[in-house]
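Right, one structure below, let's go through it.
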Amino acid sequence: MLFLVYLFIFAIFVNNFTVKDFSVLLIRLIVFSESLGLLIYNSFRFEFVLLLKKLIIGIKIEVI
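So the numbering used here is basically just the index in the sequence shown, starting at one, shifted up by 97.
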């Protein structure tokens, strides 16, 4: 999981990301993590996903 976070940060620094690319990458990262079974299905995961959704929605609102 830590490796994915480092990869994510590295990708942000290497490329000039738009907000759309950022949110798509974030969603892909979540899906990839779940497919590997690294995220545990419990209340923590639920809160984490809600937080990410709020973050993505907040970023979209700021851009508009």
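Glycine is no exception: its CB is placed at the ideal position from the N, C-alpha and C atoms. Here the structure is a predicted model, which is why all the values come from computation and not from measurement.
Between LEU126 and the set LYS151, GLU144 and PHE100, the nearest pair of CA atoms involves PHE100.
If you draw a straight line from the Cα of LYS150 to the Cα of ILE124, it is about 9 Å long. Spatial neighbours of ILE153 in its own chain (CB-CB distance under 6 Å, excluding positions within 5 residues in sequence) are listed in chain order as SER120.
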